[in-house]
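Trainee:
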Amino acid sequence: MIAALLEDKHLEELLRARVRQLLESGQISLFLGYERQESLPGILPSSVPCIIRDPSDVARLVFDRVCHRSLVKYLLDLPTGGDSKERRAGLVVRGCDSLALQRLIQDHRVSREEVYLLGIPCTGMVDKRKLSKVYPQSPSVSLESILDDTCLGCDTHNPVIYDELLCEKVSEAPSSVVDFVQVRRLEALSPDERYKVWEAEFSRCIRCFACRNVCPACDCRQCTLESNDPGWITKHTSISEQFMFHFIRAFHVAGRCVGCGECERVCPMGINIGELNRKFMKDIRELFGRDNPKMPRDVEPLGKFNPDDPEEFL
Amino acid sequence: MSETGKNPLLPSVHTIREVRDETDVGDVKTFVVDGSFDYLPGQCAMVSVFGVGECMISITSSPDASARGRYLEFAVKKVGLVTEALHELEPGCKIGIRGPYGNHFPFEQWAGKKLLFIGGGIGLAPLRSLINHCIAHKEEYRYGPIEIVYGARSPGDLCFKDEIMGHWPKCEDTTVHLTVDRGDENWKGHVGFVPQFVEEIAPSPSDCVAITCGPPIMIKLVLETLRKLGFEDDQVITTLELKMQCGIGKCGRCNVGSKYVCKDGPVFSLAQLKQLPAEF
Amino acid sequence: MSATITVDLEELETQLAGDVSRRFDVYVPVDENGAVVFRRLTTPASGWLKRSVSLTRSVLPANKLLTPQTDPVLRFQGGPTDYEVSDAAASTDLVILGVKPCDARALKLLDKVFADESDIDQVYVERRQKTVLIGVACEKPEPTCFCKAMGVSPWSSDDCDLMIYPMQGLEGLALKCSSDKGQAFLAGMHLTIRELPAETSEEIEAHYRAIPQPLSEFVGHPEALSLDSFELPIWGRISERCLSCGLCTYLCPTCYCFAVVDKSLGERGLRARCWDSCMFPDFLKMAGGHNPRPTKKERVRQRFMHKLCYTHERYGQIFCVGCGRCVEKCPVGLHFVDVLSQLRRELAGGGGDGL
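Chains as they are written, first to last, in the numbering used here: chain A, 12 to 325; chain B, 25 to 304; chain C, 414 to 768.
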């Protein structure tokens, strides 16, 4: 029963047929998609990223509600230069993925011509933790009750860039769904109380860099967190270094975060990293009048220096 | 606090006695530091600049000279943060040293054999300790003739000039062949890469041990040359250089297969290397 | 070693929070926003012991308390000509309560690295000697647990000093001593002890034995990999989805790699051992730029070859205790069970030795 909620066999057939055509015609040299992991007894079903190069492998491709990772950052692993055909990749993009890809394109990390996008209007992925509470026993579960919180608040179900859509667009919820409830709660705290909240959160951080590595806005060629000159961040994990790490990352993605929620989903320690990004998002909306602060644009509010800026520094 | 002597990563603090420029461009300096400990040729030590970090450096002084003069010598090429910081230091400055680490060149097993040393650039540093040790113990181990082939990019890049041009050629039964990749107006010697030069010299493999150390590409080509000349894998000795952090086989860094370079190496015969996954 | 006993839960709780906490640093698992983490017992609310022993496995393995993420080596102060250096390696008398049998076994494996080879790490050994491990039998394993497949029994007291059996229906809390250290520690608490009859002890074991662990059956009993597996084509394929984060290694109870890192604050500074991960691209990158493991293929291969082949060659053990943390947390499902399955298929297809 739950399995039926997760799958869309019709869409999968469309996807496989189209990818086969694209590979056989040579329009793309590889396809970034998802495959279902081997089913393990008692363990939640999970679909993971895969790369398809051979048209006879398209049967591996799936698209379901447990395709959690975004695929766009894998584009950065592909070889650049030389024969550009090597990098001509096809991939599945949902709304959030398309924003993430826009981010990489605007940062000149991926060029639009290199990618062929199969757009899938998306109505949400399930939350593994919510699913684990009902899987596999509960006979009747509503989809709404197991959807990921980020997906519940999503205002970009339809891809904003694509080469073709695999199915009809879905209606978008108004963007007011992004209501910054938790941000407002944190803003209401005194500085000391707020410090305590973040101290508790960051003290759990183990610096595994999963958040950075999934983040589409973290696309620097050389991350400052790995530079030992200047060694602003070392591998030491004193609380001051933890604050430094999270602040550097938050400021680097400020105004560039696309709100995909991947950082929070992968954090093994359950740290509310996303609240920092949402605080910036809220400020940008309020201070710069951006209706949709997640939408990547050519010039970001915090990405351009204006000589007439009333502030002297930055 | 742990009791004294229990902390395996605690270095002792040594004062730099002397700093010598080895090359014209100043990218290699030899540091002579006060104090010594027992070690054998090929062994390394973790040298640290406090506040910057540690790095593994081979000990280039020979054990005999080191014990006599109560000093240790390290030839250091400027390649990264720690070595850059070391290069800033002058006599009187203090550095941390812990060691010795790793195995040593198996010179005890070469009794009666001819010795062929092949070095490139800073790769002469560990060989220098061994060469001086072998020269000093030539009678004890009844070594045959010693041949040293050494090369660098340019005449100005040749290290340990006093020894390669002065002391070693004067030693009994010892020949030094020098080469540079590119000569200059004053260079009268051989011009060419080390592996080709070895091929020209064509040392005989019979009763000979070849010990080579230098940049990875040079080692690779030298091994090829030695194979062509008829050297067997167990007649060829080299050293591996890998990133190291602890020096005692605990930190997992210099792990190649089931070996730790810092503990089971850095000295390996070619026969031993071939048993390891090619990941170094 | 000795018979199973029961003690009064509240009496034990009072002792641990009182007298024991004055003599030892006592660490217990707590639930922090849904993440189970070990925290120092300072001002516990009553009922903490019952809560602690009923918690599921911690996100970070208990044994990491003996090899902390930032572990001081030395402190220095002064300038280049007058440095003063002091030993900063420390060990305290430690009680870790709530250790799962998988994490306790992991310490046995780490002993082989730090304590059983030449060049003993005396700081680790001293900590090990000064630590009392109070295990807790697994009442409710996670679906991702497969310790039985890796030769760990989720109720065994073998690798702990004391073992708690938190099963229902007993009067008091069932305990078993499994070392002299545990015996002495227990005696030091002066608790009212009731010895259980042999048949009750057997009932307890039967209770835990009967708790199913489906994933263990799926995993079976893996054999070590041979060095030939280094060349298998599978490594390139499976590593494509790796994110190059260090999550799997930092959550793994048998991963122990570290870096030695200096942090300087003006004239003062600290050198520490810090966790490091072979999954990070720069793990092996040398100052000159040479990197023996330049792509994800080499790095993912290293992680699994290290656990399944190299440690077996060197220490005679596969370095996995089946705790299931990588199975649960790897963001792209590149975990021990999945890789093992794929390796088995590959070896079966290629006619190689089984696993």
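We put the beta carbon where it would ideally sit given N, CA and C, even for glycine.
Only a predicted model underlies this, so the values are computations on that prediction, with no experimental measurement involved.
Report buried or exposed for Ile241 (chain B), applying the criterion of at least 16 other Cβ atoms within 10 angstroms of its Cβ.
Mentor: Classification of Ile241 (chain B): exposed, given that the 10 Å Cβ count is below 16.
Trainee: State the start and end residues of the unbroken alpha helix (DSSP H) segment that holds Ile188 (chain B).
Mentor: It is not in any alpha helix (DSSP H) - Ile188 (chain B) carries neither H nor E in the DSSP assignment.
Trainee: Using a Cβ-Cβ distance under 8 Å, would Gly701 (chain C) count as near chain B?
Mentor: Gly701 (chain C) counts as touching chain B.
Trainee: For Ser214 (chain A) and Ile250 (chain A), what's the separation of their Cα atoms in angstroms?
Mentor: Cα-Cα distance, rounded: 6 Å.
Trainee: Residues in its own chain within less than 7 Å of Ala91 (chain B) by CB, not counting five upstream and five downstream?
Mentor: Closer than 7 Å at the Cβ level, and outside the excluded window around Ala91 (chain B), lie Ser60.
Trainee: What is the rounded straight-line gap between the Cα of Met25 (chain B) and the Cα of Ser499 (chain C)?
Mentor: Any reading at Met25 (chain B) needs caution, since the residue's pLDDT is 37, under 50, leaving its predicted position unreliable; the model's value is listed next. Cα to Cα, Met25 (chain B) sits roughly 10 Å from Ser499 (chain C).
Trainee: Could you check where the beta strand (DSSP E) with Lys676 (chain C) kicks off and where it finishes?
Mentor: Counting along the chain, the beta strand (DSSP E) containing Lys676 (chain C) begins and ends at 671–678.
Trainee: For the beta strand (DSSP E) containing Ala99 (chain B), name the first residue and the last one.
Mentor: Residues 95–101.
Trainee: Could you have a look at Arg41 (chain B) and say whether DSSP puts it in helix, strand or coil?
Mentor: Residue state, collapsed to three classes: strand.
Trainee: Quick one: which chain C residues come within Cβ less than 9 Å of Phe221 (chain B)?
Mentor: Correct list: empty, because the minimum Cβ distance to chain C is about 24 Å.
Trainee: If you measure from the beta carbon of Thr483 (chain C) to each beta carbon in chain A, is any gap under 8 Å?
Mentor: Taking Cβ atoms only, chain A reaches closer than 8 Å to Thr483 (chain C), which makes this a yes.
Trainee: Are the C-beta of Arg277 (chain B) and some C-beta of chain C separated by less than 8 Å?
Mentor: Cβ-Cβ to chain C under 8 Å: yes for Arg277 (chain B).
Trainee: Determine, for Gly633 (chain C), whether the minimum Cβ-Cβ distance to residues of chain A falls below 8 Å.
Mentor: No, no contact with chain A.
Trainee: With 16 as the cutoff for other CB atoms within 10 Å, does Glu187 (chain B) come out buried or exposed?
Mentor: So Glu187 (chain B) ends up on the buried side.
Trainee: At the 8 Å Cβ level, is His119 (chain A) part of the contact set with chain C, yes or no?
Mentor: Not an interface residue.
Trainee: Note down the Cα distance separating Leu26 (chain A) from Gly37 (chain A), rounded to an integer number of angstroms.
Mentor: Going by the C-alpha atoms only, they are around 17 Å apart.
Trainee: What residue ranges within the stretch 163–221 of chain A form continuous alpha helix (DSSP H) runs of no fewer than 4 residues, ordered along the chain?
Mentor: For the stretch 163–221 of chain A, whole alpha helix (DSSP H) runs of length 4 or above, ordered along the chain, are 192–198, 202–214.
Trainee: Please return the same chain residues whose Cβ sits closer than 6 Å to the Cβ of Asp48 (chain B), not counting the five positions on each side in sequence.
Mentor: Gly180, listed in sequence order.
Trainee: Looking at chain A, is there any beta carbon in it that lies within less than 8 Å of the beta carbon of Phe752 (chain C)?
Mentor: The sequence as given places Val at residue 752 (chain C); Phe does not occur at that position. No, because no Cβ of chain A sits closer than 8 Å to the Cβ of Val752 (chain C).
Trainee: Between the Cα of Val218 (chain B) and those of B:Met80, B:Arg177, B:Ala302, B:Gln299, spot the shortest distance and give me the residue it belongs to.
Mentor: Nearest of B:Met80, B:Arg177, B:Ala302, B:Gln299 to Val218 (chain B), Cα basis: B:Arg177.
Trainee: Do we get a CB-CB distance below 8 Å when we pair Val52 (chain B) with the residues of chain C?
Mentor: It does not: the Cβ of Val52 (chain B) has no partner Cβ on chain C nearer than 8 Å.
Trainee: Pick out whichever of A:Glu311, A:Leu129, A:Lys290 has its Cα sitting closest to the Cα of Glu175 (chain A).
Mentor: Looking at the Cα atoms, A:Leu129 is the closest of the given residues.
Trainee: Of all the residues that make up the stretch 654–675 of chain C, which are near chain A by a beta-carbon distance shorter than 7 Å?
Mentor: The stretch 654–675 of chain C vs chain A, Cβ under 7 Å: Arg654, Leu656, Ser657, Cys658, Gly659, Leu660, Tyr663, Leu664, Ala672, Val674.
Trainee: Determine the extent of the alpha helix (DSSP H) in which His21 (chain A) is found, giving its start and end residues.
Mentor: Residues 20–35.
Trainee: Run through chain C and tell me which residues come within less than 7 Å of Gly273 (chain B), C-beta to C-beta.
Mentor: In chain order: Glu530, Asp532.
Trainee: Out of B:Gly276, B:Gln269, B:Cys286, B:Trp134, point me to the one whose CA is closest to Ala685 (chain C)'s CA.
Mentor: The candidate whose alpha carbon is nearest that of Ala685 (chain C) is B:Gln269.
Trainee: Can you tell me which of the three DSSP states Leu300 (chain B) falls into?
Mentor: Reduced to three states, the DSSP call for Leu300 (chain B) is coil.
Trainee: Please list the residues of the stretch 415–448 of chain C that have a C-beta atom closer than 7 Å to any C-beta atom in chain B, keeping them in chain order.
Mentor: Within the stretch 415–448 of chain C, no residue qualifies.
Trainee: Against chain A, does Asp689 (chain C) count as a neighbour if the rule is that its beta carbon must be under 8 Å from one of theirs?
Mentor: Closer than 8 Å: yes.
Trainee: Quick one: Cα of Leu660 (chain C) to Cα of Asp319 (chain A), how far?
Mentor: Cα to Cα, the separation comes out at about 45 Å.
Trainee: Short of 8 Å in beta carbon distance, which residues of its chain neighbour Ala135 (chain B), apart from the five on each side in sequence? Order them along the chain.
Mentor: Once the five neighbours on either side are set aside, the close Cβ partners of Ala135 (chain B) are Tyr165, Arg166, Tyr167.
Trainee: Counting along the chain, where does the alpha helix (DSSP H) carrying Lys463 (chain C) start and finish?
Mentor: Its alpha helix (DSSP H) spans residues 461–467.
Trainee: Tell me the DSSP bridge mates of Ser72 (chain B)?
Mentor: In the DSSP output, where bridge partners are listed per residue, Ser72 (chain B) has B:Glu78, B:Gly120.
Trainee: For Phe255 (chain B), does the three-state DSSP call read helix, strand or coil?
Mentor: In the structure shown, Phe255 (chain B) sits in coil (DSSP, three-state: anything other than H, G, I, E or B).
Trainee: From Cys271 (chain A) to Lys521 (chain C), what does the alpha carbon distance come to, in whole angstroms?
Mentor: C-alpha separation (whole angstroms): 42 Å.
Trainee: Name the residue from C:Pro556, C:Asn446, C:Cys668, C:Phe437 whose alpha carbon lies nearest to the alpha carbon of Glu741 (chain C).
Mentor: Ranking the options by Cα distance to Glu741 (chain C), first place goes to C:Pro556.
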